[in-house]
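Below: one structure, written as structure tokens.
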Amino acid sequence: MGPIVIVLKKNGVDIRMCIDYRVVNSFIQISNYSLPLIDDLITGFEGMMWFMSLDMASGFWAVRMTERAKLISAFTCPFGHFQWVRMPFGLKNAPLIYQQMINNCLWGFVRLPPKEEALVDQDVLLSHGAMKWMQDVV
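If you're matching positions, the sequence shown starts at 1 in full-length UniProt numbering and goes up one per residue.
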């Protein structure tokens, strides 16, 4: 269980509860699923005229936690003891698990050339022209 840190959001009114998982992460073995290299994604931009970036807001929360992960990520505060049902930010393998889920979701369901990839919670779609771009997106 990691200590809780309260952070004020940019609007100066709302708060964000953050859990410091550094100690927990030191015991977690890193997953062998690799993220796309940013250099490969940037190289894919060469010669493209159109691009679209989609931000998957709160994307990690689409991933259900296993029973073991719920125990590992549990936290205690003055209001009680809690376990995450959905994957929170801060756990070492969260980006890798989310990347794998996004890749599995996109596989075979969208008409995207191999250069067009997803990077954690950012999907990037590229094209040489507007009509081709619209065909790929739709």
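Glycine included, each C-beta is placed from N, C-alpha and C at the ideal position. No experiment lies behind these values; they were computed from the predicted model shown.
Per-residue DSSP class, three states only, for residue i
i: Ile97; result: helix
i: Leu71; result: helix
i: Leu91; result: coil
i: Asp55; result: strand
i: Ile30; result: coil
i: Leu35; result: coil
Residues that DSSP places opposite residue i in a beta bridge
i: Arg64; result: Arg86
i: Val24; result: Answer is none; Val24 lacks a bridge partner.
i: Val76; result: It is worth fixing the name first, because residue 76 is Thr in this sequence and not Val. DSSP output for Thr76 lists His81 as bridge partner(s).
i: Leu8; result: Ile15
Top-ranked residue by Cα proximity to residue i, from the options
i: Trp61; options: Glu46, Ala94, Phe45 and Ser34; result: Ala94
i: Phe89; options: Ile72, Asn104, Ser58 and Asn103; result: Ser58
i: Val5; options: Cys18, Asp14 and Val23; result: Cys18
i: Tyr33; options: Ile97, Leu106, Asn104 and Ile102; result: Ile97
Burial state of residue i, where buried means 16 or more other Cβ atoms lie within 10 Å
i: Phe79; result: exposed
i: Leu37; result: exposed
i: Arg111; result: For Arg111, the pLDDT reaches just 48, beneath the cut-off of 50, and the residue's location in the model is therefore unreliable, although a value from the coordinates is still provided. It counts as exposed.
i: Ile30; result: exposed
i: Phe75; result: buried
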